[in-house]
Amino acid sequence: MAPLRFSANLSWLFPELPDLPARLRAAGSSGFEAAEVAWPYAEPPEALARAARVAGLQLVLINTPPGDQEKREMGLGAVPGRQAAFREGLEQAVLYAKALGCPRIHLMAGRVPQGADRAAVRGEMETVFLENLRHAAGVLAQENLVGLLEPINTRITDPQYFLDTPQQAAAILQKVGRSNLQLQMDIFHWQIMDGNLTGNIREFLPIVGHVQVAQVPGRGEPGSPGELHFPYLFQLLEDEGYQGFVGCEYKPQGDTVEGLSWLRSYWDSRGHPRVVQ
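Under numbering that gives the first Met the number 0, the residues of the sequence shown are numbered 0 to 276, in order.
Listed below in structure tokens is the structure:
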């Protein structure tokens with residue numbers, strides 16, 4: 000059983016630092032070998048790629064653009080009438096992924112339109128999502144990239160998000176039927192929506208391409224107080240043979256580096272050579 004590999008989510012970690020290049024440097028000096036970022040699009044891709052190389056980091060995940068944030072868009076994959084914008088955003092994400100050497104793109108589903116009834120629009124939104132995902136799978140296959148679907152909980156984080164359970168995401172992936180589309184398992188969201196983490200991890204891990212972690216309910220680091228016992232969950236992922244990355248997508252409860260004591264303990268327990276400074 001190989002030890003888990005962790006990536007620093009730089010949209011969340013090192014919030015005291017002003018930009019992504021500075022956060023990349025901090026992640027590298029803190030012992031990480033990989034990083035992920037939701038939306039890197041404010042920085043030129045070449046500058047980010049250079050900063051990642053200097054920091055000794057592999058970029059492992061980015062998201063498709065969120066859309067018009069003044070209109071509260073949070074991804075466009077399943078949003079009726081926004082198919083052209085989704086495809087434009089996908090092209091931008093692919094450009095960045097290629098420049099960054101990043102193999103995975105989270106294809107954001109988006110929100111139920113404001114004022115719409117979720118149940119009434121579910122069928123139309125799924126049809127749009129399936130159409131966009133089939134298109135995306137073809138585009139990504141040309142570049143040897145993987146697309147990910149991430150359920151986001153609608154109880155706390157985003158009540159309007161279309162894709163909110165692993166069961167819904169897995170059913171959509173089955174309908175699309177493309178091997179380069181996989182499931183993104185954020186344990187924070189899965190616990191809030193469905194619990195039953197042991198069963199769900201075992202059931203869905205064969206189609207999972209990326210994992211993310213945060214404590215529940217406060218979304219702090221895995222070592223902070225909360226519902227989840229991460230030593231058990233990490234061991235479960237190891238026992239089930241998970242080979243991908245585990246993204247640290249959480250809100251540091253204090254200083255980011257001090258809050259990495261949980262990761263230092265994990266590395267120490269596995270004889271890992273990386274040391275958090």
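A virtual CB, placed ideally from N, CA and C, is assigned to each residue, including glycine.
Note that the structure is predicted; figures quoted are calculated from it, not measured.
By a beta-carbon distance limit of 8 Å, A135 contacts G146. Their separation comes to about 5 Å. Within the DSSP secondary-structure output, I61 pairs in a beta bridge with I104. In this model, P165 and G198 are separated by some 12 Å (Cα to Cα). With a threshold of 16 other beta carbon atoms within 10 Å, Y241 meets it and is buried. Distances from the CA of P205 to each of M184, M124, P224, S268 were compared; the closest alpha carbon is that of M184. Leaving aside the five residues that flank E239 on each side, the residues in its chain whose CB is nearer than 8 Å to its CB run, in chain order, I200, R201, L204. Nearest neighbour of L132 by Cα position, chosen from P39, L89, G114, turns out to be L89. Residue pairing for Q183: DSSP places it in a beta bridge opposite H209. Taking the Cβ atoms as the reference, G100 lies roughly 25 Å from L75, outside the contact range of under 8 Å. In the DSSP assignment, A34 falls within the beta strand (DSSP E) that extends over 33 to 35. Beta bridge pairing from DSSP links A77 with no other residue. Looking at the DSSP output, S6 sits in a beta bridge with A33, G246.
Straight across, the Cα-Cα distance linking G243 with F5 is about 9 Å. Taken in chain order, the complete beta strand (DSSP E) segments of 3 residues or longer contained in the region 154 to 204 are 180 to 185. The bridge partners DSSP lists for L147 are H105, Q181.
The beta carbons of I61 and A92 sit about 6 Å from each other, so the pair counts as a contact at 8 Å.
Contact annotation: the region 40 to 52 touches the region 13 to 25, with at least three C-beta pairs closer than 8 Å. Here the alpha carbons of V59 and S10 stand approximately 13 Å from one another. Taken through DSSP and simplified to helix, strand or coil, R110 comes out as strand. For the options Q252, G80, R81, G208, the alpha carbon positioned closest to that of P102 is the one of G208. Considering only W38, S223, K97, E45, the residue with the shortest C-alpha distance to Q68 is W38.
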